[in-house]
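Mapping to the working numbering: the sequence shown position 161 is 243, numbers consecutive. Even glycine gets a Cβ: it sits at the ideal position worked out from N, Cα and C. This report refers to the structure that appears directly beneath it.
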Amino acid sequence: MTHTVRTSSFVLGALFLVLGICLGSSPCLAEKRVALVIGNSAYKSVAKLANPANDAGLIGGMLKKAGFDTVDVRQDLSAPEMRKALREFSARTRDADVAVIYYAGHGLELDGTNYLIPTDAALEADTDVYDEALPIDRVLVSIEPAKQLRLVILDACRDNPFSKTMKRTVASRAVGRGLAKVEPTSPNTMIAFAAKAGSTASDGDSRNSPFAVALSDHLPKPGLDLRKAFGFVRDDVLKATGYKQEPYVYGSLGGDDVPLVPAKPAVIAGPQANPQDSVRRDYELALQAGLREAWEAFLQTYPDGFYANLARVQLKKIAAEEERAQATEKARLAEQEKVKLAAERAQKAELEKAAAAAKAAEDARIAAEKQKQIEQAKAEAAERERKVAEAAAAKALAEKQAAEKAKAEAAAKQAADKQAADAESKKVAALSPLSSSPPPGDLSKSVQLELRRVGCMKTEPTGEWSETAQRSLSLFNKYAGTKFDAKLANTDVFDALKAKSGRVCPLVCDHGFRADGDACTKIVCRPGYRVSDDNECEKIQEKKPVATREDSRKRDADRKATEAAPSKPQVAGQIICTAGGGCRPVRKGCRLDSHSGGVGQVEVCN
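Written as structure tokens, this is what we have:
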């Protein structure tokens, strides 16, 4: 019966222990994570893309290994198939905590809106985009039900072949290069581009694009915050593409770390079994029984040690109790004998003898009672010592476990700090040369090289700190918010420039050129159009001749000069007409002249 009670208690305690672990740790209350991966390579109207199908397989496998509940990988989807896939995925996100969509393929930006292009799209005209492609807003709607994190990764910034053949229905409708910047309106939403807005991404020379490789390396790291993970992705892609492609992330998250894969819980050793626990349990069972046989059996099993000494004290206590009981019984019997003798009117000697025997028995009882009390006190003292010793042992064990836990936590923190420090050092090493400070003789030229790198200087650097270099440093102060002395190039200026990872001064292009990434490209207009003052293509208007006042004045002057000139002899063939005689040829040697009255003409002969 005792064994059954102990076993039931043990099972009940274990049940509560498991319940406590489930309530206090993440595995029993794990969040639900779902993902949709799309890779479009086999386009029907343009050349096939090499890597999107491979990239989709790589990212899908990474998410499955990361422990996502469902990962749906789709390839080469038409427009109806893409819409159906988004509808089905939206249903799965309704009870999900984390939702991720990865898309690799062609994308297009039209009038500031980004579109994902299915494999069956033809896009013969710019307005076909509205019917044949999917806007990015449709993708965001499908992940909106997720409770904790909504992540969209677009590896769709490739050079778009559709824009080269697409007819423009309206000249003012703009078709951008790459994708346009996106600002999510829902909280805890991030949109990651393979290349920043307005630029294109590379497929790379291997089986997978540099962006997909970097994602698979950093996103599944347990406990790594997404913002830091995408920072590492940016560094890897910049390095792999010779600093030509820079991934970018839009959206915002809260102050807590948001990892794609939760951190693994620190393994803390549970309470170790105390070798004295079984001895203590058997001691307590014998104590509950309170029998000589129980203590003798205990001492046979555990003849030595702390609890054996306690058991011997308990045996002495039981022996004292037995002696007291025996003395009490003898006193009772002697008293009965005394009464019996008195009743029988025994002789005085016998009464005295019986009285003496009764007194001796009483004295023995009292002595036994005192001995019992002494042994009882000893047993109680031994029990108190036992409890004190057990409490001290439990405290020592708890302190040891706390020390081991603190040591494990410190080791885990030290490893995490080392990992973060190593990652940061790699990031700095990727963006900076091995030596942050150039030799003194090259400091001026090195500062000019850095000014040229951040877009604040256009001319070739020289070894002299010229007026052009001073103006360039002034521009850097203006846009970077620094206050360096423009007349002096020193190591502080050099370190500040090295700390900037990208362009600081804005790119300014001449008339007829527009900014394209970090370079100016010439604006080419189609025939019949020219570049306007606003750097836009406008139609050339045909000029119509317009009569001016100066032209009419010149004609009047020529006419008057002709009329004022003396008449010359009329050549043969002139005709003169008179009022009564009709018309006839002018005679030979004569000419026509104006009449003296100013009306009509007369024939004048030499």
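Once you ignore the five residues that flank residue i on each side, which residues in its own chain have a CB closer than 7 Å to its CB?
i	result
CYS687	ARG669, GLY671 and CYS672
ALA674	It is worth fixing the name first, because residue 674 is Leu in this sequence and not Ala. Within the same chain, LEU674 has close Cβ partners GLN652, GLN656, ILE658, VAL668, GLN683 and GLU685.
PHE595	CYS602, THR603, LYS604 and ILE605
ARG220	LEU168
LYS263	ALA279 and TYR332
CYS607	VAL613 and CYS619
ALA228	THR175, ALA178, ASP179, VAL180 and ALA181
SER107	Confidence at SER107 is low in this model, with a pLDDT of 39, below 50, so its placement is unreliable and the value that follows should be read with caution. Around SER107: PRO347.
Are residue i and residue j close, meaning C-beta to C-beta below 8 Å?
i	j	result
LYS307	VAL340	Per the sequence shown, the amino acid found at residue 307 is Asp instead of Lys. Yes.
TYR184	ILE235	yes
ASN694	PRO200	No answer is possible for residue 694: the residues shown for the chain start at 83 and end at 688.
PRO266	TYR332	yes
GLN453	LYS399	no
ASP285	ARG316	no
PRO304	ALA345	yes
ARG585	VAL536	yes
ASP158	ALA124	yes
ARG156	ILE120	yes
ALA204	ALA161	no
ARG232	ASN270	yes
PHE558	THR550	no
LEU140	ASN290	yes
ASP299	ASP318	yes
ASP237	PHE293	yes
MET272	LEU335	yes
Is residue i helix, strand or coil by DSSP?
i	result
PHE80	Nothing in the structure corresponds to residue 80, since the chain is present only between 83 and 688.
MET248	coil
SER614	coil
GLN358	coil
TYR332	strand
SER556	helix
ALA207	strand
VAL668	coil
GLY305	coil
LEU233	strand
LYS114	coil
PHE595	strand
PRO292	helix
LEU297	helix
MET539	coil
ILE605	coil
PRO134	helix
LYS582	coil
ASP158	coil
ASP80	There is simply no residue 80 to check, as the chain begins at 83 and stops at 688 in what is shown.
ALA345	coil
ALA675	Contrary to the premise, residue 675 reads as Asp rather than Ala in this sequence. Strand.
PHE171	helix
Excluding sequence positions up to five away, which residues of its chain have a Cβ less than 6 Å from the Cβ of residue i?
i	result
TYR38	Beyond the ends of the chain as shown, which are 83 and 688, falls residue 38; an answer cannot be given.
LEU145	ALA117 and VAL153
ILE302	First, the amino acid is wrong: residue 302 is Pro here, not Ile. Correct list, in chain order: MET144, ALA148 and VAL343.
TRP547	SER526 and ALA571
SER172	SER224
LYS412	ALA443
ALA409	ALA446, ARG447 and ALA450
SER245	VAL257
TYR384	VAL361 and ALA390
Count the other CB atoms, across all protein chains shown, that sit within 10 Å of the CB of residue i; report buried if there are 16 or more and exposed otherwise.
i	result
HIS699	Lying before the first or after the last residue shown, residue 699 is absent from the chain, which here runs from 83 to 688.
ARG406	buried
PRO329	buried
SER676	exposed
ILE448	exposed
TYR212	exposed
ASN136	buried
SER614	exposed
THR660	exposed
GLN501	exposed
ASN242	buried
PRO588	exposed
SER554	buried
VAL529	buried
CB-CB under 8 Å to residue i, same chain, minus the five flanking residues each way: which ones, in chain order?
i	result
GLY610	LYS621 and ILE622
ASP208	LEU192, MET248, LYS249, ARG250, THR251, VAL252, ARG255 and VAL257
GLU419	ALA436, ALA439 and ALA440
Less than 8 Å between CB atoms is the rule here; does residue i satisfy it with respect to chain D?
i	result
ALA277	As a matter of chain content, chain D is missing from the structure shown, which is built from one protein chain.
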